[in-house]
Amino acid sequence: MKVWITDRWWGLDPSTNKKTVKKARFGTGSRWQVSQYVLGPDSTRRIVSRDFDRLVDAQAFRTKTEHEVRAGIYQGPENDSKTFSDAANAWLIGKKKPSGASLHRYRNALDVWVLPHWSGRRLSSIRRSEIDAWLSDLMAGTAPHRKSRQVPGAGLSPASLAAVWVPFNASLTHAVTLGWLPSNPARGVELPKARAPEKVFLSYQEIERLTHAARDSSGLLSDAVMIELMAYAGLRPGEAVALQVGHVDLAARRIRIRRTVTIDADGRSIFGDPKHGERREVPIAPHLIDELRLLTAGRDPTAPLLTTTRGQCINIHNWRNRVWKAALVAAQLDGRGLTPKSLRHSAASMAIAAGADVKVVQRMLGHADASMTLNTYADLWPDRLDEVTDAMSRQRALALTPSAS
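At the far end of the sequence shown sits residue 478, using the numbering used here, and the numbering has no gaps.
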């Protein structure tokens with residue numbers, strides 16, 4: 074690609090071959106202009122230029138451009154104005170696989186934590202040192218952010234930081250794919266390792282106490298069934314809240330998981346596909362049949378299965394504060410670090426103890442694959458190594474024993 078410098082003030086005198094002829098633009102604007110050919114969106118060639126006051130700056134820009142062309146990292150001037158917001162929007166538009174809930178989480182992380190800092194920044198101006206400083210500010214609680222439920226001055230935990238990092242890094246990677254950036258300035262950044270929270274399991278007796286405490290606290294059957302669905306069917310809190318009456322098939326003893334709900338920064342419920350996009354069916358424990366029959370009888374199939382006193386869909390954040398915390402105290406289970414997700418862990422634990430194999434547990438919990446189930450709950454399956462090696466030794470002995478003639 075040809076790159077050339079033009080003197081916009083002085084032209085050559087043909088007779089002397091010296092710059093002694095004043096041009097029409099003499100004394101107006103910058104003197105030096107660096108020009109190059111680029112291909113437009115319609116593949117037609119056009120000239121783009123950039124002006125400089127000093128020849129040394131024009132020469133440096135020409136040298137830099139020629140080097141980038143040779144190295145295969147050249148980004149045309151048409152991309153120089155692209156901002157981080159452009160990249161983030163393009164990435165979100167291009168996402169086809171995530172569930173609605175996942176897409177909402179990405180948008181929420183961008184709106185609350187990423188865009189307040191990076192929104193209008195030109196992609197070409199983003200530096201690795203700035204990214205490192207921004208991550209430090211996020212952990213310290215000093216980074217600019219949109220009003221959210223985050224406690225003012227409290228830094229993001231490693232897990233929360235990772236959730237913010239995913240759409241930020243993916244947007245920059247997408248910009249590289251689109252040819253807006255030569256490389257991702259965030260590549261190679263190391264995040265603090267998020268320590269997996271210790272799983273807490275409840276016994277059958279503790280779940281029963283918690284179930285009764287929830288109903289006694291609110292007076293609603295929905296709150297008791299909410300706990301039982303998480304504890305005995307392994308539902309995620311958002312999946313339980315998103316259930317509709319028509320998702321319950323009492324005759325087949327199955328519940329169809331077709332959607333989940335997340336809460337945005339403004340506290341609104343957002344419905345979308347289940348996590349990992351895994352629609353599934355889970356079994357109904359026999360002791361829940363009568364309660365579910367009471368909750369579904371005569372109701373519209375599209376009505377929410379679990380409701381508030383006003384008959385509205387439960388807001389999971391409000392439910393945690395209004396019902397869950399009070400039930401923990403009443404059941405004398407507070408202080409153990411229990412969360413609604415502990416009920417899901419308990420469901421996995423009880424299923425494994427009852428003899429369920431990894432594929433059954435995977436299907437019940439809606440994991441993307443069996444390896445995820447094993448990575449999460451491998452320690453709950455009984456250690457049968459001794460049993461296996463003992464059996465192998467017995468088979469060896471039989472194989473090596475001379476047969477009677």
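Cβ atoms here follow ideal geometry from the backbone N, Cα and C, with glycine treated the same way.
From a predicted model like this one, the values you see are computed outputs, not experimental measurements.
Note on the segment 77 to 102: whole beta strand (DSSP E) runs with a minimum of 3 residues are 83 to 86, 91 to 95, in chain order.
Going by beta carbons, H177 and I343 fall inside the 8 Å limit. Within the segment 276 to 302, the runs of alpha helix (DSSP H) at least 4 residues long that lie entirely inside it are, in chain order, 277 to 291. Per the DSSP secondary-structure output, R123 pairs in a beta bridge with V107. Burial is judged here by how many other beta carbons sit within 10 angstroms of a residue's own beta carbon; V434 has at least 16 and is buried.
Burial is judged here by how many other beta carbons sit within 10 angstroms of a residue's own beta carbon; T284 has at least 16 and is buried. With 16 or more other Cβ atoms inside 10 Å of its own Cβ, T335 counts as buried.
Contact between G439 and E351 is confirmed by a C-beta separation of about 4 Å, below the 8 Å threshold.
Distance from the CA of R119 to the CA of Y179, rounded to the nearest whole angstrom, comes to 38 Å.
Of the other Cβ atoms in all chains shown, fewer than 16 fall within 10 Å of the Cβ of E271; this residue is therefore exposed. Put simply, of T93, T89, N162, R81 the residue whose alpha carbon is nearest the alpha carbon of S108 is R81. Per the coordinates, the alpha-carbon of A232 lies some 16 Å from the alpha-carbon of L183. When DSSP reads this structure, F344 sits in a beta bridge with V334.
Contact check for A424 against M445 fails: the beta carbons are separated by 8 Å or more.
Contact between I387 and T381 holds: their C-beta atoms lie close to 6 Å from each other, under 8 Å. Of the residues assessed, Q385 falls on the exposed side of the cut-off, its CB having fewer than 16 other CB atoms within 10 angstroms. Under the rule that a run must span 4 or more residues, the alpha helix (DSSP H) segments found entirely inside the segment 381 to 446 read 389 to 392, 398 to 403, 413 to 426, 431 to 438.
In this structure, V321 and L367 do not form a Cβ contact; the two beta carbons are roughly 11 Å apart against a cut-off of 8 Å. A residue is called buried when at least 16 other Cβ atoms come within 10 angstroms of its Cβ; M465 does not meet this threshold and is exposed. In this structure, A97 is the residue among V76, W77, A97 with its C-alpha nearest to the C-alpha of G84. Across the set W238, L294, L316, the C-alpha of W238 shows the shortest separation from the C-alpha of A267.
In the three-state reduction of the DSSP assignment, D322 falls in the strand class, which pools E and B.
Within the same chain, Cβ atoms closer than 6 Å to the Cβ of A441 are found at H349, the five residues on either side in sequence being excluded. Pairing V396 with D289 gives a Cβ-Cβ distance that is not under 8 Å. A straight line joining the alpha-carbon of R467 with that of D456 spans about 19 Å.
Closest in alpha carbon position to R326, among L365, L406, K168, is L365. Between A160 and W77 the beta-carbon gap is near 32 Å, outside 8 Å, which marks them as no contact. According to the DSSP secondary-structure assignment, I328 is paired through a beta bridge with V321, V355. When H190, V402, L208 are compared, the shortest CA-CA separation from A287 is found for V402. Close CB contacts of R201 within its chain, under the 6 Å cut and outside five residues either way in sequence, are with P258 (chain order). Judged by DSSP in its simplified three-state form, T462 adopts helix.
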